[in-house]
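Under my numbering, the letters of the sequence shown match residues 6 to 160, in that order. Cβ atoms here follow ideal geometry from the backbone N, Cα and C, with glycine treated the same way. Data first, discussion second: the structure below is written as structure tokens.
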Amino acid sequence: MPVSDFRGAWSEPEVETFFQETTVPIRLATQRPDGSLWIVALWYRYHEGTLECATGANAALVRFLRDDPAVAFEVSTNNVPYRGVRGNGTASLAPDTDKTVLRALLERYLGGTDSALAAWLLDDDREELRIRIDPHEIYSWDYSERMADSSEDMA
Numbered sequence: 006m007p008v009s010d011f012r013g014a015w016s017e018p019e020v021e022t023f024f025q026e027t028t029v030p031i032r033l034a035t036q037r038p039d040g041s042l043w044i045v046a047l048w049y050r051y052h053e054g055t056l057e058c059a060t061g062a063n064a065a066l067v068r069f070l071r072d073d074p075a076v077a078f079e080v081s082t083n084n085v086p087y088r089g090v091r092g093n094g095t096a097s098l099a100p101d102t103d104k105t106v107l108r109a110l111l112e113r114y115l116g117g118t119d120s121a122l123a124a125w126l127l128d129d130d131r132e133e134l135r136i137r138i139d140p141h142e143i144y145s146w147d148y149s150e151r152m153a154d155s156s157e158d159m160a
């Protein structure tokens with residue numbers, strides 16, 4: 006992972022493991038052409054030191070990223086104890102011609118492509134793009150120790 010600034014609770018291999026094992030959506034923030042901020046939640050996968058997502062070619066997010074590829078992101082657990090990774094980087098767009106990234110995301114999040122949602126997303130008429138995020142700055146946090154008694158109460 007070619008990150009220029011790496012800080013927080015975890016080592017680089019621990020962050021990579023978290024990205025590989027955690028199947029919550031990534032929250033991706035960008036800037037709209039008018040300067041206001043925009044945030045979306047997308048499925049992601051960690052792939053060769055980058056974070057990859059897929060989206061329809063006509064999505065508003067695509068227009069925003071073409072105008073300004075700078076992004077911020079967060080991948081974090083939604084349950085106690087809270088832990089996760091946030092950072093910033095640069096997004097690049099490319100056609101997902103064979104829907105390779107999309108298929109990988111369907112496998113990762115749905116366990117396969119045998120659903121109505123998968124069929125709709127994989128339709129031949131739907132043009133899909135890959136969003137590749139190259140992280141520049143990463144910060145990880147893990148509140149497992151300080152929330153240990155809270156997580157027992159929540160179980």
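**OP:** Taking the CB atoms as reference points, tell me whether tryptophan 48 and cysteine 58 lie closer together than 8 Å.
**Re:** Reading the sequence shown from its first residue, position 43 is the one you call residue 48. Reading the sequence shown from its first residue, position 53 is the one you call residue 58. Cβ distance < 8 Å, so tryptophan 48 and cysteine 58 count as in contact.
**OP:** Put tyrosine 114 into one of helix, strand or coil per three-state DSSP.
**Re:** As a first step, residue 114 is located in the sequence shown; it is residue number 109 there, counting from the start. Residue state, collapsed to three classes: helix.
Original post:
Contact check, arginine 71 vs leucine 98 under 8 Å by CB: the rounded distance?
Top reply: The residue given as residue 71 occupies position 66 in the sequence shown. The residue given as residue 98 occupies position 93 in the sequence shown. That pair is a contact at about 7 Å.
**OP:** Could you name the residues of the same chain whose beta carbon sits closer than 8 Å to that of histidine 141, not counting the 5 residues immediately before and after it, in chain order?
**Re:** Residue mapping note: residue 141 aligns to position 136 of the sequence shown, counting from 1. Cβ within range, chain order: Val8, Ser9, Asp10, Gly92, Asn93, Gly94, Thr95.
Subject >> Whether glutamate 114 touches glycine 13 by CB criterion (8 Å) >> reply: Reading the sequence shown from its first residue, position 109 is the one you call residue 114. Reading the sequence shown from its first residue, position 8 is the one you call residue 13. At residue 114 the sequence reads tyrosine, which differs from the glutamate that was named. Contact: no.
Original post:
Would you say glycine 89 and tryptophan 146 are within 8 Å of each other, going by their C-beta atoms?
Top reply: As a first step, residue 89 is located in the sequence shown; it is residue number 84 there, counting from the start. As a first step, residue 146 is located in the sequence shown; it is residue number 141 there, counting from the start. Yes. Within cutoff.
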